[in-house]
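Top line first, the protein sequences correspond to chains B and S. Sequence positions in the first sequence follow full-length UniProt numbering and run 1 to 108. Sequence positions in the second sequence follow full-length UniProt numbering and run 1 to 108. Where is the CB? At the ideal position from N, CA and C, for every residue including glycine. Reviewing the structure listed below.
There are 2 protein chains.
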Amino acid sequence: MRRLHPDPEQIRLDGVLSALGNPVRLGVVRALTGGAERTCNSVLAELGITAKSTMTHHWRVLRENGVIWQVPSGRETLVSLRRDDLDARYPGLLDAVLTGIGVDETAS
Amino acid sequence: MRRLHPDPEQIRLDGVLSALGNPVRLGVVRALTGGAERTCNSVLAELGITAKSTMTHHWRVLRENGVIWQVPSGRETLVSLRRDDLDARYPGLLDAVLTGIGVDETAS
Chain B
1 MRRLHPDPEQ
11 IRLDGVLSAL
21 GNPVRLGVVR
31 ALTGGAERTC
41 NSVLAELGIT
51 AKSTMTHHWR
61 VLRENGVIWQ
71 VPSGRETLVS
81 LRRDDLDARY
91 PGLLDAVLTG
101 IGVDETAS
Chain S
1 MRRLHPDPEQ
11 IRLDGVLSAL
21 GNPVRLGVVR
31 ALTGGAERTC
41 NSVLAELGIT
51 AKSTMTHHWR
61 VLRENGVIWQ
71 VPSGRETLVS
81 LRRDDLDARY
91 PGLLDAVLTG
101 IGVDETAS
């Protein structure tokens, strides 16, 4: 069985980049940039996503590659960006990705 | 038919990250960091890769997402990193990725 969340030292660059290399998952990361825990549903609503079954896959990819925390809370699921862990291990990576999201948006 | 190489303004972040999100392709990027054009064969030799058919896929993914130039030269194929294009569009991204490759190597 795969672990729900990797420990910080188990995070690998190819996994993080692969997890980020998808427009929906980049949208999730941007939605979580503020740093606060959010419910999955509020993120989906912000992104205009209604297909929850597809999102189950995306949440799992982000979680198993160390990009997000995803924890149950009552009947909801809370998600947050593992910014501290990612910044500590890969300095500048997340900032460059977030800047890049803005570049693509401005260009398109 | 897909273009061989995207123009700089056609490069997209999710494509670049997806292309980089693989250990073999990260190895290629590191091998090309010096900036010079190299033959595909010399890169493969450095990485210890003998399965050329698998590499055809990896070269294509890197090329079509704007990460490398790949041009025929006589009976060889030359590859180089599109560092200028990537640095111009996504400042700091490639540097953070290259730093991250070193982090993973030191940790493992």
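Same chain only: Cβ atoms within 8 angstroms of residue i, ignoring 5 sequence neighbours per side
i	result
leucine 47 of chain S	Val24, Gly27, Val28 and Ala31
glutamate 105 of chain B	none
serine 80 of chain B	Leu32, Gly35, Ala36, Glu37, Arg38, Ile68 and Trp69
arginine 2 of chain B	Since pLDDT at arginine 2 of chain B reaches only 44, below the 50 mark, its modelled position is unreliable, and the value read off the structure follows with that caveat. Taken in chain order, the residues that qualify are Glu64.
aspartate 7 of chain B	none
Sheet register partners of residue i (DSSP bridge)
i	result
isoleucine 68 of chain B	B:Leu81
glutamate 76 of chain B	B:Ser73
threonine 39 of chain S	S:Leu78
Beta-carbon proximity of residue i to residue j, cut-off 8 angstroms
i	j	result
leucine 4 of chain B	arginine 82 of chain B	no
glycine 21 of chain S	aspartate 14 of chain B	yes
serine 18 of chain S	serine 18 of chain B	yes
Residues of its chain near residue i, where Cβ-Cβ distance is below 7 angstroms and the 5 sequence neighbours each way are ignored
i	result
leucine 93 of chain B	Leu86
Nearest residue (CA-CA) to residue i, options the options
i	options	result
alanine 96 of chain S	B:Val16, B:Gln10 and B:Asp7	B:Val16
residue 109 of chain B	S:Ile101, S:Arg89, S:Gly100 and S:Ala107	Lying outside 1 to 108, the shown extent of chain B, residue 109 of chain B is not represented and no answer is given.
cysteine 40 of chain B	B:Arg12, B:Ala107 and B:Ser73	B:Ser73
glutamate 76 of chain B	B:Ile49, B:Val103, B:Thr50 and B:Ser42	B:Ser42
Own chain residues within Cβ distance below 6 angstroms of residue i, not counting five before or after
i	result
histidine 58 of chain B	Val24 and Arg25
valine 71 of chain B	Leu78
| query | Can you list, in chain order, the residues of the stretch 20-51 of chain S whose Cβ is nearer than 7 angstroms to any Cβ on chain B? | reply | Leu20, Gly21, Asn22, Pro23 and Leu26
| query | Can you list, in chain order, the residues of the stretch 71-86 of chain B whose Cβ is nearer than 7 angstroms to any Cβ on chain S? | reply | none
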